[in-house]
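**Student:** The opening position of the sequence shown corresponds to residue 1 in the UniProt record's numbering, with each subsequent residue numbered one higher.
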Amino acid sequence: MPFATYPGLKHRVHSRERWHRIDDRWSYFELGWRPKSWSDKRRLVCICQRRAGRPKGPLQLDLFEIVDPELEFKVIVTNKTTTAGNVLHFFNGRGLNEAVYGEAKSFAGLDYIPCRRRAANEVFTLSTMLAHNLSRELQMQVVEPTRRTSTTRAPHHELKTLATLRHLVLRRAGRLTRPQRRLHLSTAASGIAREEFESILDALAA
Numbered sequence: 001m002p003f004a005t006y007p008g009l010k011h012r013v014h015s016r017e018r019w020h021r022i023d024d025r026w027s028y029f030e031l032g033w034r035p036k037s038w039s040d041k042r043r044l045v046c047i048c049q050r051r052a053g054r055p056k057g058p059l060q061l062d063l064f065e066i067v068d069p070e071l072e073f074k075v076i077v078t079n080k081t082t083t084a085g086n087v088l089h090f091f092n093g094r095g096l097n098e099a100v101y102g103e104a105k106s107f108a109g110l111d112y113i114p115c116r117r118r119a120a121n122e123v124f125t126l127s128t129m130l131a132h133n134l135s136r137e138l139q140m141q142v143v144e145p146t147r148r149t150s151t152t153r154a155p156h157h158e159l160k161t162l163a164t165l166r167h168l169v170l171r172r173a174g175r176l177t178r179p180q181r182r183l184h185l186s187t188a189a190s191g192i193a194r195e196e197f198e199s200i201l202d203a204l205a206a
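(1) Taking the Cβ atom as the reference point for each residue, do leucine 110 and alanine 104 lie within a distance shorter than 8 Å?
(2) Return the CA-CA distance between alanine 52 and tyrosine 101, expressed in angstroms with no decimal places.
(3) Looking only at C-alpha atoms, which of Ser27, Arg43, Ala4, Tyr28 sits nearest to arginine 34?
(4) Pick out whichever of Gly174, Leu183, Ala205, Val169 has its Cα sitting closest to the Cα of glutamate 195.
(5) At 4 residues or longer, what runs of the alpha helix (DSSP H) sit wholly inside the region 102-180?
(6) Determine the burial state of isoleucine 47: buried for a count of at least 16 other Cβ atoms within 10 Å of its Cβ, exposed for fewer.
(7) Going by DSSP in three states, glycine 32 sits in which element: helix, strand or coil?
(8) Which two residues bound the contiguous beta strand (DSSP E) that contains serine 186?
(9) Nearest-angstrom Cα distance between glutamate 137 and serine 39?
(10) Measure the alpha-carbon distance for proline 2 versus histidine 184 and round it to whole angstroms.
(11) What residue from Arg50, Leu88, Ala84 has the CA that sits closest to glutamate 70's CA?
(12) For serine 27, which residues of its own chain have a beta-carbon under 6 Å away from its beta-carbon, when the five flanking residues on both sides are left out?
(13) Comparing C-alpha positions only, which one of Gly191, Asp23, Ile76 sits nearest to glycine 32?
Following this line, the structure appears as structure tokens:
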């Protein structure tokens with residue numbers, strides 16, 4: 001939650017004296033709070049963490065944000081009923097999901113609007129999403145899960161980005177032939193690219 005939008009929240013956090021410990025870095029307290037623009041109260045987890053070092057750059061005056069040279073504050077609004085520590089880890093794990101959107105924008109064209117008509121742009125956007133999701137689904141067919149469910153909700157599979165797949169697999173000169181009526185791919189792949197090809201073919205054969 002942004003402090004600038006809810007100035008009353010800033011005062012509540014800044015005036016708080018008793019914080020509960022999560023670990024050596026993080027502390028918290030909770031609020032059941034309802035701004036005037038909300039219809040009912042929500043669960044707010046107020047987080048305080050120690051800075052790794054003193055902030056650099058110009059000093060922001062204490063108008064909307066809480067300014068402290070040693071501590072950093074943030075507030076998470078949540079409907080989860082788990083502990084504050086789990087809420088914090090789940091919130092911090094959002095970067096993994098944001099990386100998926102970043103990859104889709106950078107390498108699948110999700111940030112591109114090619115036409116002036118809505119229907120055409122919808123078709124283009126759906127196509128980019130399908131291409132991105134297909135690359136993930138195909139990898140999950142040949143890659144075993146390497147993680148278990150964690151508090152950050154990290155993906156179970158460690159998947160390669162579209163940029164890596166293009167470099168290793170797709171942007172390779174090759175030839176498809178059928179010696180003795182058996183499909184055969186001849187390519188100049190070597191090193192890591194060869195290992196990638198072989199791991200994919202072994203997984204498909206299994």
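Just so it is clear, CB atoms sit at the ideal spot from N, CA and C, and this is done for glycine as well.
**Tutor:** By the coordinates alone:
(1) yes
(2) 28 Å
(3) Arg43
(4) Val169
(5) 118-142, 162-165
(6) buried
(7) strand
(8) Where serine 186 is concerned, the enclosing beta strand (DSSP E) stretches over 184-187.
(9) 41 Å
(10) 58 Å
(11) Per the Cα distances, Arg50.
(12) Trp19, Arg21, Cys48
(13) Ile76
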